[in-house]
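Taken in sequence, the protein lines are chains A and B. 1 is the number of the first residue of the first sequence in the numbering used here; add one for each residue after it. 105 is the number of the first residue of the second sequence in the numbering used here; add one for each residue after it. The C-beta atom is built at its ideal place from N, Cα and C for all residues, glycine as well. Single-structure report; data block below.
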Amino acid sequence: MAIDVRIPTILRSYTGGAKAVSSAGDNLAELLTNLDGTYPGLRGRLITPEGGLHRFVNIYVNDEDVRFLGSLDAKISDGDTVTILPAVAGGAFGLAAAAAVLGR
Amino acid sequence: MLTIHREIIEAIVAHARRDHPDEACGVVAGPVGSDTPARHIPMENAERSTTFYRFDSTEQLRVWREMDDRDEEPVVIYHSHTATEPYPSRTDISYAGEPNAHYLLVSTRDPQTAEIRSFRILDGQVSEEPVQLVGESMEAMRSYEENGDPHAVQSFMFGQSPAAVDYECQP
């Protein structure tokens with residue numbers, strides 16, 4: 001089954017410049033593993049060494065942020081579109097302090 | 105160098121003033137590859153914080169899709185610092201994920217003078233760039249008509265503030 005995956009500018013070096021690629025999987029974790037098989041290194045930009053979704057990216061299944069869909073367990077079906085975007089965040093506060101305060 | 109219409113800068117500063125003391129954030133979209141900021145899109149700060157900002161992820165998807173449909177990209181990504189200088193924090197640098205964007209920072213720490221600086225952030229490396237304003241200022245024209253002073257409403261200071269100390273300066 002085919003899932004349409006939208007790749008942000010910053011990660012297109014992994015996909016040979018392609019803006020959208022096709023992959024497969026029943027959930028997000030599977031999809032990212034399959035994607036990494038075709039485009040090595042991509043998964044490492046999305047998943048932390050501890051196995052969680054990186055705070056620097058947003059991943060959506062169709063119109064929904066996967067953080068509301070069970071994160072890596074988010075179910076995916078044939079014909080779905082998965083969109084990856086860089087999270088846009090920052091501010092005057094230090095990252096470590098912000099992470100501690102926000103519990104992330 | 106960031107070349108940007110004066111009216112867009114005024115709209116960004118007005119947004120930052122409106123949300124002060126919380127940080128304000130947003131995007132200026134422009135045609136892909138043009139490096140020309142054309143369409144100002146103020147975004148919600150989902151954190152509503154005085155020291156942190158984050159685009160609401162659902163709003164971001166909608167805006168990024170709309171840009172895609174219109175063959176636009178985020179030419180400028182801006183946010184405000186409300187008590188400190190407009191220089192990228194370590195948080196700003198670690199999140200900078202749009203390689204083609206100009207990262208514009210506005211400081212609203214002074215109620216009269218907005219400090220504005222622009223940066224490129226690539227692979228954790230920050231480089232400051234000059235900001236060039238083009239076009240007429242509606243606000244200044246109105247202000248001039250009303251009280252004869254083109255800068256009575258709000259003044260801008262671009263680039264490094266003369267009050268800042270450059271610790272890296274070598275003789």
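In terms of Cβ geometry, residue 46(A) and residue 5(A) do not form a close pair [threshold 8 Å]. Neighbours of residue 49(A) in chain B, taken as residues at a C-beta separation under 8 Å, are lacking, since the least C-beta distance is about 16 Å. Short of 6 Å from the beta carbon of residue 2(A), and not among the five residues preceding or following it, lie these beta carbons of its own chain, in chain order: 22. Under DSSP, the beta-bridge partners assigned to residue 65(A) are 60(A). Counting only the Cα atoms, residue 179(B) lies some 5 Å from residue 205(B). Taking C-beta atoms as the reference points, residue 31(A) and residue 168(B) fail to come closer than 8 Å.
Counting C-beta pairs with one atom in each stretch, the region 108-119 of chain B and the region 75-84 of chain A have fewer than three that are closer than 8 Å, which means they do not touch. Between the region 174-192 of chain B and the region 116-133 of chain B, the count of Cβ pairs shorter than 8 Å is three or higher; the stretches touch.
Residue 58(A) holds the alpha-carbon nearest to the alpha-carbon of residue 28(A) among 10(A), 58(A) and 87(A). When C-alpha distances from residue 188(B) are compared across 214(B), 160(B) and 223(B), the shortest belongs to 214(B). Taking the Cβ atoms as the reference, residue 200(B) lies roughly 18 Å from residue 220(B), outside the contact range of under 8 Å. For residue 161(B), the uninterrupted alpha helix (DSSP H) segment begins and ends at 161-173. Closer than 7 Å at the C-beta level to chain B, one finds these residues of the region 36-61 of chain A: 56, 58 and 60. For residue 72(A), no chain B residue has a Cβ inside 7 Å of its Cβ, as the nearest lies near 16 Å away. For a Cβ distance threshold of 7 Å, residue set 88 of chain A lies close to residue 181(B), ordered along the chain. With respect to residue 124(B), residue 157(B) sits apart: the two C-beta atoms are not nearer than 8 Å. For the 8 Å CB-CB criterion, residue 161(B) and residue 190(B) do not form a contact.
For residue 81(A), there is no enclosing alpha helix (DSSP H); the enclosing beta strand (DSSP E) has its first and last residue at 81-86. Between residue 146(B) and the set 155(B), 140(B) and 121(B), the nearest pair of CA atoms involves 121(B). Remark: C-beta atoms of residue 9(A) and residue 233(B) do not approach each other more closely than 8 Å. No residue range can be given for residue 9(A), since it is assigned to no alpha helix (DSSP H) and is classified by DSSP as neither H nor E. Cβ-Cβ distances below 7 Å link residue 74(A) to 27, 28, 61 and 66 in the same chain, with the five nearest sequence neighbours on each side left out; the list follows chain order. When 8 Å is used as the limit between beta carbons, residue 9(A) is near these residues of chain B: 177, 202, 203 and 204, in chain order. With a cutoff of 8 Å on beta-carbon distance, residue 71(A) and residue 42(A) are scored as not near each other.
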